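Student: For the sequence shown, counting from 1, position 243 maps to 243 in UniProt numbering; every step adds exactly one.
Here it is: the structure, laid out below.
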Amino acid sequence: MSMAPAQNVLSLIQSLRSTPPRLILSPPSQPRRASVALILRMRPAPDLVFEGNEPAGYTGPVVPADEFGIGLPFDDFLRLDWVNHPDTVPELLFIRRAPAGGASGGAASRWSSHIAFPGGRQEPSDESSVYTALRETWEEVGIDLAESDFVQVGRLDEREITTSLGKRLLMILSPFVFLQTSPFSPTPELQPSEVSTVHWIPLSSLAPPFEQSQWAHIDIDISTRLSPRNQLIRWALRGLVGKMQFGCILLPDEPDYVAEGFDMNMDFEQPVDGGSGTWYDAKSGRRLLRLWGLSLGMTLDLVAHCQQDAILINGNVPRSRSTSTGSSPERSIFGPKTPVTVQSSFDAHWFPEESGGARVTTMTQGSGTRRKPSVTIVDKRRRGVGPGVTAVFPRFSYPDVNFWIWVFGRRYRQVVRAWEESVHGPDRASDRRVNWSGAALSTFYAAVRNALVVAILLRGLATLGGVAGLTWWLFRHLGASSAEL
Numbered sequence: 001m002s003m004a005p006a007q008n009v010l011s012l013i014q015s016l017r018s019t020p021p022r023l024i025l026s027p028p029s030q031p032r033r034a035s036v037a038l039i040l041r042m043r044p045a046p047d048l049v050f051e052g053n054e055p056a057g058y059t060g061p062v063v064p065a066d067e068f069g070i071g072l073p074f075d076d077f078l079r080l081d082w083v084n085h086p087d088t089v090p091e092l093l094f095i096r097r098a099p100a101g102g103a104s105g106g107a108a109s110r111w112s113s114h115i116a117f118p119g120g121r122q123e124p125s126d127e128s129s130v131y132t133a134l135r136e137t138w139e140e141v142g143i144d145l146a147e148s149d150f151v152q153v154g155r156l157d158e159r160e161i162t163t164s165l166g167k168r169l170l171m172i173l174s175p176f177v178f179l180q181t182s183p184f185s186p187t188p189e190l191q192p193s194e195v196s197t198v199h200w201i202p203l204s205s206l207a208p209p210f211e212q213s214q215w216a217h218i219d220i221d222i223s224t225r226l227s228p229r230n231q232l233i234r235w236a237l238r239g240l241v242g243k244m245q246f247g248c249i250l251l252p253d254e255p256d257y258v259a260e261g262f263d264m265n266m267d268f269e270q271p272v273d274g275g276s277g278t279w280y281d282a283k284s285g286r287r288l289l290r291l292w293g294l295s296l297g298m299t300l301d302l303v304a305h306c307q308q309d310a311i312l313i314n315g316n317v318p319r320s321r322s323t324s325t326g327s328s329p330e331r332s333i334f335g336p337k338t339p340v341t342v343q344s345s346f347d348a349h350w351f352p353e354e355s356g357g358a359r360v361t362t363m364t365q366g367s368g369t370r371r372k373p374s375v376t377i378v379d380k381r382r383r384g385v386g387p388g389v390t391a392v393f394p395r396f397s398y399p400d401v402n403f404w405i406w407v408f409g410r411r412y413r414q415v416v417r418a419w420e421e422s423v424h425g426p427d428r429a430s431d432r433r434v435n436w437s438g439a440a441l442s443t444f445y446a447a448v449r450n451a452l453v454v455a456i457l458l459r460g461l462a463t464l465g466g467v468a469g470l471t472w473w474l475f476r477h478l479g480a481s482s483a484e485l
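Given below as structure tokens:
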């Protein structure tokens, strides 16, 4: 029997607090850091009436002010009656970054309209990483997480943000989790140059398995990253290696708050390399949000702390606010493991017999790892689409590039196997000191770089061979014609 939503959130937070986060020290060559805030709230059931907010003429029962829960510890708050109402909905706050027109420069336009968490870079004057999350949240959306309405309940594993296919470290990202201990959410004051909309998304919409209609992929033009200035080289690379494809969750574009001056009917301009967080689905005739990349990885990291049989995964989705993600018993169940997953998507692609019918005895997500109840994979076809490695790491549009990544990914698979063994085996201090996600990240992108070199060389040789063959045939044909004359 499924638990009430509040008990699921309590279980999630208890797991979060009992799992020490993996912290990453900044190397001397790159001290830059950033922080984000993942803010949870319990949206009250629609039929609940709170003291002081009664409609005119209302004479029914009300929730008294001393039971609102403001300032209570999270465990006491999550045991309140209104919080445990079956129609109370746990939600997670997301922001949509301002479109390219509101960005201050070209670099920022790459992230225009992306779905993200409030946060930003750490300033030299910031006291700590959590202070950065508090300051950035206040500056971007006008929510003061230091008020008694909010309590910090934990943090997720820190992450390395890299560029140039994993070769260059940009910064270390620290995610912090907060819980709103009040039935009333403060009205955000959005910074229009930074944020265009705020969305409270039910956690049930963010937990796998996902419906086929809710899980998609985003195409990223890798040529803009390999050769950002030379148009000719970019054109050649685009034909030689194709595009990167990242998994994404599709969510309804129904903002709770809109920044002043923002036009909800505007046509969103796609970044140069693709990957906008807003997408118009011509088939359904509606605009959708696309949650992908780091934001998706941190979301799945958070949801992975919930019990496998909880309502967040198998329960109801609020009818009025979100896309259904409920699954029938015959659907495959792929819970989130890690951004690099113990079941590589490349293994599944080239050796599908190894990925179907298996039992997942451990679920890990983010840089941390936790044991989960075993889950039987019902269908080798994976009808219930799960994130796996595609949540954070890309595939490519050309199958041969994916094949070469698998060929060169032996070290990557060894790292992931050791990561998995550290979960199954005894708890060892040496394992806790290993930055598994960073090691997997570097080895994966090392395989990607080698695969791209081989793919470019093979395609280049094939192109030269084709041109040489065509030239030889033309000369031979023209020579034969001249001889006949």
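Backbone N, C-alpha and C define an ideal beta-carbon position, used for all residues, glycine too.
In this text the structure is predicted, and so the values were computed from the model without any measurement.
Taking the C-alpha atoms as reference points, what is the distance between alanine 4 and glutamate 420?
Tutor: If you take the alpha carbons of alanine 4 and glutamate 420, they lie about 31 Å apart.
Student: Quick one: Cα of aspartate 66 to Cα of tyrosine 131, how far?
Tutor: Just so you know, the alpha carbons of aspartate 66 and tyrosine 131 end up roughly 30 Å apart.
Student: Can you tell me which of the three DSSP states glutamine 399 falls into?
Tutor: The amino acid at residue 399 is misidentified as glutamine; the sequence shows proline. Looking at proline 399 - three-state DSSP - the assignment turns out to be helix.
Student: What residue range does the beta strand (DSSP E) around tyrosine 280 cover?
Tutor: 278-281
Student: Can you find the residues in the same chain that come closer than 6 Å, C-beta to C-beta, to tryptophan 436, ignoring five residues on each side of it along the sequence?
Tutor: Trp419
Student: Quick check on DSSP: helix, strand or coil for serine 204?
Tutor: helix
Student: Return the CA-CA distance between glutamine 212 and leucine 289, expressed in angstroms with no decimal places.
Tutor: 16 Å
Student: In three-state terms, what does DSSP make of glutamate 67?
Tutor: Reduced to three states, the DSSP call for glutamate 67 is helix.
Student: Given a threshold of 16 other Cβ atoms within 10 Å of its Cβ, counted over all protein chains shown, does asparagine 8 qualify as buried or as exposed?
Tutor: buried
Student: Distance check for alanine 480 and valine 467, CA to CA, integer angstroms please.
Tutor: Using only the alpha carbons, I get a separation of about 20 Å.
Student: Pop quiz: proline 175 and valine 36 are said to be a contact at Cβ under 8 Å. What is the actual Cβ separation, rounded to whole angstroms?
Tutor: 5 Å
Student: Compute the distance between the beta-carbons of valine 407 and alanine 451, then report whether it is under 9 Å.
Tutor: yes
Student: I need the boundaries of the beta strand (DSSP E) containing methionine 264, first residue and last residue.
Tutor: That residue, methionine 264, is in no beta strand (DSSP E); it is neither H nor E in DSSP.
Student: Going along the chain, which residues of its own chain have a beta-carbon closer than 8 Å to the beta-carbon of alanine 259, five neighbours each way excluded?
Tutor: Ala98, Leu190, Gln191, Pro192, Val195, Ser196 and Thr197
Student: Using a Cβ-Cβ cutoff of less than 6 Å, which residues in the same chain neighbour arginine 121 once the five nearest sequence positions on both sides are dropped?
Tutor: Cβ neighbours of arginine 121 beyond the five flanking positions: Ala34.
Student: Would you mind reading off the limits of the beta strand (DSSP E) that contains isoleucine 220?
Tutor: 215-220
Student: Check each candidate in Thr88, His305, Pro188 and Lys167 and name the one with the smallest Cα separation from alanine 45.
Tutor: For the set Thr88, His305, Pro188 and Lys167, the Cα lying nearest the Cα of alanine 45 is the one of Thr88.
Student: For phenylalanine 74, which residues in the same chain have their Cβ closer than 8 Å to its Cβ, ignoring the five residues on either side in sequence?
Tutor: Leu10, Ile13, Val151, Val153, Leu179 and Thr181
Student: For threonine 181, name the three-state secondary structure that DSSP assigns.
Tutor: coil
Student: Nearest by alpha-carbon distance to leucine 206: which of Gly261, Gly465, Ser185 and Cys248 is it?
Tutor: Cys248
Student: What residue from Phe184, Tyr280 and Gly465 has the CA that sits closest to valine 63's CA?
Tutor: Measuring from the Cα of valine 63, the nearest candidate turns out to be Phe184.
Student: Going by DSSP, which residues form a beta bridge with tryptophan 292?
Tutor: Cys248
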